[in-house]
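Worksheet: one structure, shown below.
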Amino acid sequence: MTLVHRVLHPKPILSLDEYLARAGGKGIETARQMTPEAVIERVLASGLRGRGGAGFPTGRKWQTVAQNHSAAAPATVVVNGAEGEPGTFKDRTILRRNPFLVIEGALIAAGAVGADMVIFAMKRSFEGELARMRAAIEEAEAAGWSQDVELIVFEGPDEYLYGEESALLETIDGRWPFPRIVPTFRRGLRSVATGEAPAGPALVNNMETMANVARIVARGPDWFRTIGTAESPGTAVCTITGYTRHHGVGEVHMGTPLREVIELIGGGPRPGRQIKAVLSGVANGIVTAADLDAPVSYEGLSAVGSGIGSAGFIVLDDSVDMAAVAAGVSRFLAVESCGQCSPCKLDGMTIATHLTKVSVSAGRTHDYDVARHRLGTVTERSRCFLATQQQMVVGSILNHFPEEFERHVTGEVPGVEPELIAELIDIRNGKALVDERHASKQPDWSYNNRDSGTVPVELYTSLVPPWRP
Ligand SMILES: Cc1cc2nc3c(=O)[nH]c(=O)nc-3n(C[C@H](O)[C@H](O)[C@H](O)COP(=O)(O)O)c2cc1C
Ligand code: SF4
């Protein structure tokens, strides 16, 4: 199989005129001749599922938001472009190539769910993408695309939790990225912080999800289903990083075997090396070499105890120490935890500390046992999925590679520093730039020499965030 170009254009589209000349804009044209219900019906029939991680059926989400909005509390569409999953760079790549496709999809969504505002939520560090999006919005507005829908670009913080959908809304509302209990379709934006209006529901969709919408509406659900599988129709825009010949982003048919995706986008393993395992971000169980032929689809990867997540695959070869990988994953998640749920932060940090001791060969069986025990309690009373990620991903590494930890506690192998697991800053000339600053990020989210010992939720709640409107 080869790469496809449904949402990821081979070359950047530089202006709205160029986009229109390449048959862009047909989705919005079609949607405006249809009722909102008919548009939602089309998205439902396509079987499109969210590309942000959870794979929730997009049409069903739209239906719920449409049912929950009212004239007094209009809906808001929020396009999630936070892209904080380690090993993922697809949303920024889609945006660099064609921001108009994302804007078109978001405007169709706004019409379908009764929204008067679309917010493109990105990170303030995504400077190039922010500029590209703003320029594209200006062109779309000048061409009359937006009608009475306000288009806003929001610049959020770098924290991993900012991408979690309820934390995203908290942040846009002028608070810190701490996940809520109330679902986003019940309480959206414009609530306490701005006091402008009662909070209407918010539709939060990932940027790649939105990029699929225009052609589904223009060409119909049957066209969309000509690629992919029955449960995972369409394509997946995958990122390949880690121990491969090179790194990159490419679009494949859903259902393409993972091994082939690694070959196509990453050129396969480095010379003389073999793939040992693959991390699907830090949100799903690890895929071992024995399962490399699993199809990249929602059902294909969950059948091997993993998941497609945001299709960001970090490839690990036989030179990699799995104790170092477990320590790195655990540290990333524990540092990024906000501390609203004590077990997530405290057990998370305990797991990371003990696994680091094992990885650097300064630990004993006791350290391994403590980490294992705390994996059983880390999810207690957890408000968001991050604690479960710690349990699932780190647990799967421990389960699949017990001998690699054993070798460290018996002193059979020298110590290794934890593998750096962090967000991607860029992929340039086939090489990924991982955010190395994360190695010095403290559990209180500062970059101070010492951690304050206070969890982020206690440290920041009384402080006004710099992004408050
Ligand atoms: C800790 C955490 C971080 C997340 N980060 C992102 C992110 O950076 N981008 C994203 O689109 N979704 C992220 N998600 C998933 C969102 O909460 C949400 O499911 C998604 O934006 C919904 O869009 P979709 O239905 O189109 O996938 C994250 C979830 C969790 C639990
Ligand atoms: S589960 Fe963890 S990250 Fe999520 S809200 Fe609770 S403490 Fe914060």
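First residue of the sequence shown: 6, per our numbering; consecutive thereafter. Just so it is clear, CB atoms sit at the ideal spot from N, CA and C, and this is done for glycine as well.
Could you tell me which residues DSSP puts in a beta bridge with residue i?
i	result
T244	V254 and G317
S3	Because the chain spans 6 through 474 in this model, residue 3 falls outside it and cannot be assessed.
K436	R433
R54	P62
I280	D322
A207	T81
P481	Coverage of the chain is limited to positions 6 through 474, which leaves residue 481 absent and any answer about it impossible.
P274	T249
Between residue i and residue j, how many whole angstroms is the CB-CB distance? I'm expecting something under 8 Å.
i	j	result
M127	E160	6 Å
A117	P238	Their Cβ separation, rounded to whole angstroms, is 19 Å, which puts A117 and P238 out of contact at 8 Å.
G253	N289	The Cβ separation is near 21 Å, so there is no contact.
F105	A147	Actually they do not touch by this definition, with Cβ atoms about 13 Å apart.
G310	S401	7 Å
R275	T249	7 Å
M39	V107	Contact doesn't hold; Cβ gap of about 20 Å is too wide.
F337	I245	In fact, because the Cβ distance is near 19 Å, the residues do not count as touching under 8 Å.
G272	H251	5 Å
V120	V84	According to the sequence displayed, residue 120 carries Ala and not Val. Their Cβ separation, rounded to whole angstroms, is 11 Å, which puts A120 and V84 out of contact at 8 Å.
T234	M215	That belief does not hold up - the Cβ atoms of T234 and M215 are roughly 22 Å apart, past 8 Å.
V82	A114	5 Å
V123	L156	5 Å
The alpha helix (DSSP H) that contains residue i, what's its start and end?
i	result
E3	A query on residue 3 cannot be resolved here, the shown segment of the chain reaching from 6 to 474 and no further.
D96	K95 to R102
V334	M327 to E341
F3	Outside the shown range of the chain (6 to 474) lies residue 3, about which nothing can therefore be said.
L297	Where L297 is concerned, there is no enclosing alpha helix (DSSP H), given that its DSSP letter is neither H nor E.
D22	L21 to A26
R137	E132 to A147
S364	S347 to S364
S75	It is not in any alpha helix (DSSP H) - S75 carries neither H nor E in the DSSP assignment.
K31	K31 to A36
L174	E170 to I177
Q461	Gln is not the amino acid found at residue 461; the sequence shown has Pro there. From DSSP, the alpha helix (DSSP H) with P461 extends over P461 to Y465.
G310	Taken as a continuous stretch (DSSP letters only), G310 belongs to no alpha helix (DSSP H), as it is neither H nor E.
For ligand 3, any of its heavy atoms closer than 7 Å to the Cβ of residue i?
i	result
Q345	Although ligand 3 was asked about, the structure shown includes only ligand 1 and ligand 2 as ligands.
Cutting at 6 Å between CB atoms, please list the residues of its own chain near residue i, excluding the five before and the five after it.
i	result
N103	H14 and I18
G420	V365 and S366
T7	none
G458	none
R264	L297 and D298
F293	Reading the sequence as shown, one finds Thr at residue 293 and not Phe. The residues are A282 and H405.
I476	No information on residue 476 is available, as it lies outside the stretch 6 to 474 that the chain covers here.
R54	G60 and P62
K31	A223
G314	G58, S285, G286, A288 and N289
Comparing C-alpha positions only, which one of the options sits nearest to residue i?
i	options	result
E422	L438, H359 and K16	H359
P470	A136, A241 and P162	P162
D96	T81, A299 and F131	F131
S171	R388, Q394, S302 and A36	R388
G52	A111, W67 and M39	W67
I33	V84, E23, V44 and V398	V44
A295	T246, H405 and T63	H405
S335	M354, V83 and V283	M354
W228	D372, R47 and S467	R47
Q396	D352, R65, P407 and I430	D352
A329	E411, V460, G55 and P461	E411
G89	W150, M122 and L173	L173
G57	A36, M122, P91 and V222	P91
P226	R455, H443, G64 and V418	G64
Q72	L25, E164, A207 and S324	A207
S22	A50, G435, T98 and W150	The residue you asked about is not Ser; residue 22 is Asp in the sequence shown. Among A50, G435, T98 and W150, the Cα nearest to that of D22 belongs to W150.
Grab me the residues of residue i's own chain with a C-beta within less than 7 Å of its C-beta, minus the 5 sequence neighbours each way, in chain order.
i	result
T370	V414
A376	I356, H359 and L360
R137	L100, R101 and P104
L135	M127, V158 and E160
K362	G368 and D372
L464	D449 and S457
P461	C343, G344, D449 and W450
E385	P348
Note the first and the last residue of the continuous beta strand (DSSP E) segment covering residue i.
i	result
I124	A120 to K128
V218	Per DSSP, V218 belongs to no beta strand (DSSP E); it is in the alpha helix (DSSP H), M212 to R224.
T249	Where T249 is concerned, there is no enclosing beta strand (DSSP E), given that its DSSP letter is neither H nor E.
T81	A80 to N85
I478	In this structure the chain extends from 6 to 474, so residue 478 is not present and cannot be described.
Sorted by chain position, which residues of the same chain lie with C-beta nearer than 8 Å to residue i's C-beta, five sequence neighbours on each side aside?
i	result
C243	K95, V254, G255, E256, V257, V266, I270, V301, A316, G317 and F318
E236	G52, S302, Y303 and E304
T199	Residue confidence is low: T199 scores 48 on pLDDT, short of 50, so the model does not pin down where it sits. No coordinate-derived value is stated.
R11	N217, R220, I232, G239, T240 and E256
T382	P348 and D352
L25	none
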